[in-house]
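Scroll down for the structure; my scribbles are underneath it.
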Amino acid sequence: MTTTTFFLFLIPVLAIILLAVNLILSPHNPYQEKDSAFECGFHSFLGQNRTQFSISFFIFALLFLLFDLEILLVYPYVVSAYTNGIYGLVIIGYSLIYN
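The sequence shown begins at 5 in our numbering and counts up by one.
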């Protein structure tokens, strides 16, 4: 058996065994406080968790998403920059400017 097939079979089996042991041995104490919604440090009162919040949180989330996607698009070039050369740099620059 090769190493790859060994790991393809061993890792899922080991994960299932560890999850089963966790389910069997973990303490189960369900109560209402555990199942209720917990948002931003405030407990919801009888389903009244729809309150207005500052738009700056929304703008911050959009900026985070924008820069996160930008890093995701630039990362493959950074990994292979040595083989891409100047042509890859021109393509990534064009992509960053016009997209």
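C-beta atoms are modelled at their ideal positions from N, C-alpha and C, and glycine is treated no differently.
Here the structure is a predicted model, which means the values were calculated and not measured.
Alpha-carbon spacing of N33 relative to V83, whole angstroms: 47 Å
Integer-rounded CB distance, given that L70 should sit under 8 Å from S99: At roughly 14 Å, the Cβ-Cβ gap does not stay under 8 Å, so S99 and L70 are not in contact.
Helix, strand or coil at N33 according to DSSP, with G and I counted as helix: coil
Residue closest to I75, alpha-carbon to alpha-carbon, out of V17, Y102, A24 and I96: I96
Whole-number beta carbon distance between G92 and Y81, since they are thought to touch under 8 Å: 6 Å
Limits of the alpha helix (DSSP H) - the one that T87 falls within: A85 to Y102
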